[in-house]
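**Q** Protein chains in written order, with my numbering: chain A, 346 to 696; chain B, 346 to 696; chain C, 346 to 696.
First the structure, then my questions, so here it is.
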Amino acid sequence: MMKTRGCCASICQCFFEYSTPKILVIRSFKVGTLNRITQALVIAYVIGYVCVLNKGYQDTDAVLSSVTTKVKGIALTNTSDLGLRIWDVADYVIPPQEENSFFVLTNLLITLNQTQSHCPEVPKTGFDCTSDRDCKAGSRDTRGNGVQTGKCVKYSAVDKTCEVLAWCPLELDKEPPNPPMLADAENFTVLIKNSIRYPKFNFNKRNILPYVNKTYLEQCVFNRITDPDCPIFRLKDMVTEANEDFQTMAVHGGVMGVQIRWECDLDMPSSWCVPRYTFRRLDNKDPVNNVAPGYNFRFAKYYKNGNNEETRTLIKGFGIRFDVIVFGQVSFHRNNLIIILDYSPVFSIPL
Amino acid sequence: MMKTRGCCASICQCFFEYSTPKILVIRSFKVGTLNRITQALVIAYVIGYVCVLNKGYQDTDAVLSSVTTKVKGIALTNTSDLGLRIWDVADYVIPPQEENSFFVLTNLLITLNQTQSHCPEVPKTGFDCTSDRDCKAGSRDTRGNGVQTGKCVKYSAVDKTCEVLAWCPLELDKEPPNPPMLADAENFTVLIKNSIRYPKFNFNKRNILPYVNKTYLEQCVFNRITDPDCPIFRLKDMVTEANEDFQTMAVHGGVMGVQIRWECDLDMPSSWCVPRYTFRRLDNKDPVNNVAPGYNFRFAKYYKNGNNEETRTLIKGFGIRFDVIVFGQVSFHRNNLIIILDYSPVFSIPL
Amino acid sequence: MMKTRGCCASICQCFFEYSTPKILVIRSFKVGTLNRITQALVIAYVIGYVCVLNKGYQDTDAVLSSVTTKVKGIALTNTSDLGLRIWDVADYVIPPQEENSFFVLTNLLITLNQTQSHCPEVPKTGFDCTSDRDCKAGSRDTRGNGVQTGKCVKYSAVDKTCEVLAWCPLELDKEPPNPPMLADAENFTVLIKNSIRYPKFNFNKRNILPYVNKTYLEQCVFNRITDPDCPIFRLKDMVTEANEDFQTMAVHGGVMGVQIRWECDLDMPSSWCVPRYTFRRLDNKDPVNNVAPGYNFRFAKYYKNGNNEETRTLIKGFGIRFDVIVFGQVSFHRNNLIIILDYSPVFSIPL
Chain A
346 MMKTRGCCAS ICQCFFEYST PKILVIRSFK VGTLNRITQA LVIAYVIGYV
396 CVLNKGYQDT DAVLSSVTTK VKGIALTNTS DLGLRIWDVA DYVIPPQEEN
446 SFFVLTNLLI TLNQTQSHCP EVPKTGFDCT SDRDCKAGSR DTRGNGVQTG
496 KCVKYSAVDK TCEVLAWCPL ELDKEPPNPP MLADAENFTV LIKNSIRYPK
546 FNFNKRNILP YVNKTYLEQC VFNRITDPDC PIFRLKDMVT EANEDFQTMA
596 VHGGVMGVQI RWECDLDMPS SWCVPRYTFR RLDNKDPVNN VAPGYNFRFA
646 KYYKNGNNEE TRTLIKGFGI RFDVIVFGQV SFHRNNLIII LDYSPVFSIP
696 L
Chain B
346 MMKTRGCCAS ICQCFFEYST PKILVIRSFK VGTLNRITQA LVIAYVIGYV
396 CVLNKGYQDT DAVLSSVTTK VKGIALTNTS DLGLRIWDVA DYVIPPQEEN
446 SFFVLTNLLI TLNQTQSHCP EVPKTGFDCT SDRDCKAGSR DTRGNGVQTG
496 KCVKYSAVDK TCEVLAWCPL ELDKEPPNPP MLADAENFTV LIKNSIRYPK
546 FNFNKRNILP YVNKTYLEQC VFNRITDPDC PIFRLKDMVT EANEDFQTMA
596 VHGGVMGVQI RWECDLDMPS SWCVPRYTFR RLDNKDPVNN VAPGYNFRFA
646 KYYKNGNNEE TRTLIKGFGI RFDVIVFGQV SFHRNNLIII LDYSPVFSIP
696 L
Chain C
346 MMKTRGCCAS ICQCFFEYST PKILVIRSFK VGTLNRITQA LVIAYVIGYV
396 CVLNKGYQDT DAVLSSVTTK VKGIALTNTS DLGLRIWDVA DYVIPPQEEN
446 SFFVLTNLLI TLNQTQSHCP EVPKTGFDCT SDRDCKAGSR DTRGNGVQTG
496 KCVKYSAVDK TCEVLAWCPL ELDKEPPNPP MLADAENFTV LIKNSIRYPK
546 FNFNKRNILP YVNKTYLEQC VFNRITDPDC PIFRLKDMVT EANEDFQTMA
596 VHGGVMGVQI RWECDLDMPS SWCVPRYTFR RLDNKDPVNN VAPGYNFRFA
646 KYYKNGNNEE TRTLIKGFGI RFDVIVFGQV SFHRNNLIII LDYSPVFSIP
696 L
């Protein structure tokens, strides 16, 4: 009992203690002046140089980057629908320009000569029918291709499905061709032009380095060992560097990341500041759960036939989107800031 | 007088004072060794583990995210211009693919069969005329639709306007239809696939969670209570969650933000790391100043008629752009860093 | 020798020294209570107000911005290929909508009536030939325009080149017209609508300020002195502010950055929070190394002729891409945080 009370009292005492360092105050004009001058210098430096001149306090909004890309290459396809056909950049880059990315079509399912008309739905649970009673006029299922007319019609010799108002003939729901139709895409090259700008330091740099001339740029291809500064990349090389197989990826499509990293120390010569390229696959191909793989989208080309009737060619395009991601880190007065943060005891006095 | 001088002197004295904590120096081999070992351990930890292994100093450039989207749904419109018409994904998603956003057409003003020819301007201040003298050949007003020919022609029984060289007939400057033409768009669904990757931690995750199988993905729709992990969203649900009315927003268009937030603690099991979705309207509908509301843009489909003459269909498309914004925060050695920052007095010595 | 040992010993002694400030412990109930109350207040403030209410610890993911743009203007071109032709927004903005940028076509090389057929390659090293033996059937050079058929055919009266399967006739590899074809583009205007939102503070603001009404918005053009709040910009003005010449830039194209900076102090009236616009050229025109200048891309318009044969018009489009970059900085409790960080000695006791 006695002990508990003693312990309690001790904790209480401890709780209401106040500790403060013992301060030695030196009332010397010389030492005081020296102290104040040092402080004034540091403050003047912080305010004048770091904050006002370099705007060291607003470091984040300073990097400006612009990316433009240009793909080159020709692919040849030979199908029963289209015959022998050439694909060039205006055919396979969709849309023709984007801000920081580009898409290259590598595989496709094509449905020719669609018109707004009536046709039987694709056989699938929910669209099969035996009589008109199974179909509901006006019904529009999100999984369907059109608005039901209420009729039950022959799809094939065996199947009957509900009729729809749609772009007919309907696209057949099938797997994309394997090998991919534009297998030639692996040899396409892309010129990536990237300029960075640090308005604060009035520092500009682009990834076409000063020594790269027109002749070199016309025939070079990026290679980590022989041509590390060439800004022209073979699509297959980029995919291979990300440990993926181009032809496999081309079947269902995917998303690649092209990382450009600038790490420039402005205290060093400007020629030391060069971009480093790395490539990664960004869309996850989960080996465990491979649901909804790849990347595809539908687009159409619209025509008018002789009767002023609109027809279209529907394309389900599979392909690889390359997202160009620029990282920039320019160090210059970072060290200065560290000095300031570390500034605490300027001088010590032996007692 | 005497007092002022005393006060002044006191302030001066205060200003030139130098305060420094009294330091106790212990010259003990044991205590000193203990001190240095502790310091060495902390430094080794900071350099070796946090900086080298985890690269704790370059935390910002580490998150890689990829977003792909796929809209599904059918809309039916019935207008005097177009008759009964079906709209599918290739018709209403413009452009067919973008990096982190997608646009769904919800309303439109259509001008059919435009050709490069001559026609009277739309009646508006500045384009009205009574004789050719009021029109200036070659004049191109930014508010106009073409280049004036210098003639004054009949627009209607009452109005005369300056003739222009333009895509004729001109688009009529009128309000978009209300209710919106593609009112069915509220039932469209979109599958949003998002993969994040932290190369530093070799950590991958996608928003299609491991337990989600193909069957579930074919029929599920996101619902905050019953299906919080389904990555398929009904357009109307997203707009409603942002406290907006879909049909109202569809008339003039707008911009929606789809926020995906990943907050993952890598010290916890990976299955705890799930995305959270929130929806907001991004373009401001200012109740006080409703000038220039909504979102619309013009695009055209180009045709050639029998005479090899180019015609086009101009569409002023109103719709909702959905910007997918991914936030990622993976915490792992953050705690470690805090420990270091808090490291100041390792041990204290009772005096 | 003696001295060295003395110095060594001195350094050793110094190394194993342990310095700690002398601490004065005051065992007074009053002073201790005051100390603890002060500490409790600060902790309560940090946890309760800054962390919980304002979520001061997650400052980064808070800014949401949306940008939409609308270009207006008419250009007139007169070429032998196309005759007199009007270009409006649906013709020169490609693609018609993007997330944070827009592209305006300023110059072009057009190749009309291309079909999939056979034609001689453009004369260039590697494509010249004297007999069929110089051409390799099936060869597809990345610099070429098609797949070689193996034949050597007449290109002109003097030149013979390898025949290719391609979109024929081939595009001629020539310099873009100077002056640019759409020189009128300098007078195009663009309305940039930008909304920012800080969900944390429930703070919304858009760059169409409250006092801007419909009448003003219909006729104003941004001018740094007379109309600093007008969100409509003349393309030429933007380029001129970046110290570039519009007509020169329009020939080969380029990338412009439109920076919108919001610096809002929420402790001040909301009307003080206005956007500031600055313009910069983002793609580097290196005066030393002017390799691969400007910005261009190829796109095509597809037609079907009377025989249901596909033809296309290929356009190599040069133009200016405007990237809108929004910086936001809303300060509110930043000051509060600084106070906390600076909190160390609450009160000092004269000894």
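Note that CB positions come from ideal geometry on N, CA and C, so glycine has one too.
What you are looking at is a predicted structure, and each value in this text was computed from that prediction instead of being measured.
If you draw a straight line from the alpha carbon of G673(A) to that of E444(B), how long is it in whole angstroms?
**A** Walking along the first sequence from the start, residue 673(A) turns up at place 328. Walking along the second sequence from the start, residue 444(B) turns up at place 99. The alpha-carbon atoms of G673(A) and E444(B) are separated by roughly 21 Å.
**Q** Mind checking the stretch 443-470 of chain C against chain A and listing, in chain order, the residues whose C-beta falls within less than 8 Å of any C-beta there?
**A** Here the close residues are E443, E444, N445, S446, F448 and Q461.
**Q** Rounded to a whole number of angstroms, what is the C-alpha to C-alpha distance between S355(B) and I388(A)?
**A** Counting from 1 along the second sequence, the entry for residue 355(B) is found at position 10. Counting from 1 along the first sequence, the entry for residue 388(A) is found at position 43. Distance between the alpha carbons of S355(B) and I388(A) is about 25 Å.
**Q** The alpha helix (DSSP H) spanning Q564(C) covers which residue range?
**A** Along the third sequence, one-based indexing puts residue 564(C) at 219. K559 to Q564 is the span of the alpha helix (DSSP H), which, as asked, contains Q564(C).
**Q** Can you check whether the CB of G664(B) is closer than 8 Å to the CB of L450(B)?
**A** For the purposes of this step, residue 450(B) is identified with residue 105 of the second sequence, where counting begins at 1. For the purposes of this step, residue 664(B) is identified with residue 319 of the second sequence, where counting begins at 1. Contact: yes.
**Q** Do we get a CB-CB distance below 8 Å when we pair D668(A) with the residues of chain B?
**A** As a working note, residue 668(A) is residue 323 in the first sequence. By this cut-off, D668(A) is an interface position.
**Q** Can you pull the chain C residues whose beta carbon is under 7 Å from the beta carbon of N380(B), in chain order?
**A** The residue you call residue 380(B) lines up with position 35 of the second sequence. By Cβ distance, chain C contributes Y363.
**Q** Under a CB-based cut-off of 8 Å, is G418(C) close to chain B?
**A** In the third sequence, residue 418(C) corresponds to position 73, counting from 1. Yes - at least one Cβ of chain B is within 8 Å of the one on G418(C).
**Q** Is the distance from the Cβ of L627(B) to the Cβ of L409(C) below 8 Å?
**A** Looking up residue 627(B) in the second sequence gives position 282. Looking up residue 409(C) in the third sequence gives position 64. Cβ distance < 8 Å, so L627(B) and L409(C) count as in contact.
**Q** Specify the secondary structure class of I419(B) as computed by DSSP and reduced to three states.
**A** The residue labelled residue 419(B) in the question sits at position 74 within the second sequence. Three-state DSSP puts I419(B) in coil, outside helix and strand.
**Q** Going by CA-CA distance only, name the one from D590(B), N547(B), N558(B) and F591(B) that's closest to P576(B).
**A** In the second sequence, counting from the first residue as 1, residue 576(B) sits at position 231. It is N558(B) whose Cα lies nearest to the Cα of P576(B).
**Q** Does the stretch 529-547 of chain C come close enough to the stretch 463-471 of chain C that 3 or more CB-CB pairs lie under 8 Å?
**A** Touching, no.
**Q** With 16 other CB atoms within 10 Å as the buried threshold, where does H463(A) fall?
**A** For this step, residue 463(A) is matched to residue 118 along the first sequence. By the neighbour-count rule (16 or more Cβ atoms within 10 Å), H463(A) is not buried but exposed.
**Q** Quick check on M613(B): buried or exposed, where buried means 16 or more other Cβ atoms within 10 Å of its Cβ?
**A** Here residue 613(B) is taken as the residue at index 268 of the second sequence, counted from 1. When all chains shown are included, M613(B) counts as exposed.
**Q** Determine whether the Cβ of I514(B) lies closer than 8 Å to any Cβ atom of chain A.
**A** To locate residue 514(B), count along the second sequence from 1; it is residue 169. Checking the sequence, you will find Pro at residue 514(B) rather than Ile. With 8 Å as the cut-off, P514(B) does not count as an interface residue toward chain A.
**Q** Between I392(A) and chain D, is the shortest Cβ-Cβ distance under 8 Å, so that the two count as touching?
**A** Although the question refers to chain D, the structure presented lacks it and instead comprises the protein chains A, B and C.
**Q** Report the residues of the stretch 533-552 of chain B with a CB closer than 9 Å to any CB of chain C, ordered along the chain.
**A** Within the stretch 533-552 of chain B, no residue has a Cβ that lies closer than 9 Å to any Cβ of chain C.
**Q** In chain order, what are the residue ranges of uninterrupted alpha helix (DSSP H) at least 4 long that sit wholly in the stretch 551-623 of chain B?
**A** Correct list: 559-564, 580-586 and 591-597.
**Q** When you compare the CB of I431(A) with every CB in chain C, is at least one pair closer than 8 Å?
**A** Taking the first residue of the first sequence as position 1, residue 431(A) is located at position 86. Yes - at least one Cβ of chain C is within 8 Å of the one on I431(A).
**Q** Taking the alpha helix (DSSP H) that F374(C) belongs to, which residues open and close that run?
**A** Reading the third sequence from its first residue, position 29 is the one you call residue 374(C). Note, F374(C): alpha helix (DSSP H), F374 to A389.
**Q** Examine chain C for any beta-carbon lying closer than 8 Å to the beta-carbon of T413(B), and answer yes or no.
**A** As a first step, residue 413(B) is located in the second sequence; it is residue number 68 there, counting from the start. Not one chain C Cβ lies under 8 Å of T413(B).
**Q** How many Å lie between V492(A) and I431(B) at the Cα?
**A** Against the first sequence, residue 492(A) aligns to sequence position 147. Against the second sequence, residue 431(B) aligns to sequence position 86. Distance between the alpha carbons of V492(A) and I431(B) is about 8 Å.
**Q** Pull up the distance between the alpha-carbon of Y640(B) and that of T456(B), whole angstroms please.
**A** What you label residue 640(B) is simply residue 295 of the second sequence in a count that begins at 1. What you label residue 456(B) is simply residue 111 of the second sequence in a count that begins at 1. Cα to Cα, the separation comes out at about 19 Å.
**Q** Please list, in chain order, the residues of the stretch 646-658 of chain C that have any C-beta partner in chain B closer than 9 Å.
**A** Those residues of the stretch 646-658 of chain C that come within reach of chain B (Cβ to Cβ, closer than 9 Å) are K646, Y647, Y648, K649, N650, G651, T656 and T658.
**Q** Looking at C-alpha atoms only, which residue of A420(A), A595(A) and P573(A) is the closest neighbour of Y622(A)?
**A** On the first sequence, residue 622(A) is found 277 positions in, with the first residue counted as 1. Cα-wise, what sits closest to Y622(A) is P573(A).
**Q** Expressed to the nearest angstrom, what Euclidean distance is found between the alpha-carbon atoms of V596(A) and F642(A)?
**A** On the first sequence, residue 596(A) is found 251 positions in, with the first residue counted as 1. On the first sequence, residue 642(A) is found 297 positions in, with the first residue counted as 1. Going by the C-alpha atoms only, they are around 13 Å apart.
**Q** Grab me the residues of D406(C)'s own chain with a C-beta within less than 7 Å of its C-beta, minus the 5 sequence neighbours each way, in chain order.
**A** For the purposes of this step, residue 406(C) is taken as the residue at position 61 of the third sequence. In this predicted model, D406(C) has a pLDDT of only 43, less than 50, meaning its place in the structure is not dependable enough to derive any value.
**Q** Using beta carbons (cut-off 8 Å, strictly below), is N568(C) in contact with chain B?
**A** Within the third sequence, numbered from 1, the residue matching residue 568(C) stands at position 223. It does not: the Cβ of N568(C) has no partner Cβ on chain B nearer than 8 Å.
**Q** Can you pull the chain A neighbours of F360(B), defined as C-beta to C-beta under 8 Å?
**A** The residue given as residue 360(B) occupies position 15 in the second sequence. By Cβ distance, chain A contributes G377 and R381.
**Q** Below 8 Å on the Cβ atoms is my guess for F448(B) versus R666(B); work out the distance and round it to an integer in Å.
**A** The count along the second sequence starts at 1 and reaches residue 448(B) at position 103. The count along the second sequence starts at 1 and reaches residue 666(B) at position 321. Yes, F448(B) and R666(B) are in contact; Cβ-Cβ is about 5 Å, under 8 Å.
**Q** If you reduce the DSSP assignment to three classes, tell me which class E531(C) lands in.
**A** Looking up residue 531(C) in the third sequence gives position 186. Three-state result, E531(C): helix.
**Q** Is F644(C) helix, strand or coil when you go by DSSP?
**A** Here the question's residue 644(C) lines up with position 299 in the third sequence. Residue state, collapsed to three classes: strand.
**Q** If you drop the 5 nearest sequence neighbours on each side, which residues of the same chain put their C-beta closer than 7 Å to that of F644(A)?
**A** Sequence index remark: in the first sequence, residue 644(A) carries index 299 (1-based). Once the five neighbours on either side are set aside, the close Cβ partners of F644(A) are I439, I660 and G662.
**Q** Check the C-beta distance from V434(B) over to V412(B) and give it rounded, since I have them as a contact under 8 Å.
**A** To locate residue 434(B), count along the second sequence from 1; it is residue 89. To locate residue 412(B), count along the second sequence from 1; it is residue 67. That pair is no contact at about 17 Å.
**Q** Start and end of the beta strand (DSSP E) containing A435(A)?
**A** As a first step, residue 435(A) must be located in the first sequence, where it is residue number 90. Note, A435(A): premise wrong, no beta strand (DSSP E); alpha helix (DSSP H) at V434 to Y437.
**Q** By Cβ distance, which residues of its chain are closer than 7 Å to M594(A), with the 5 residues on each side in sequence left out?
**A** The count along the first sequence starts at 1 and reaches residue 594(A) at position 249. Hits under 7 Å: V584 and I665.
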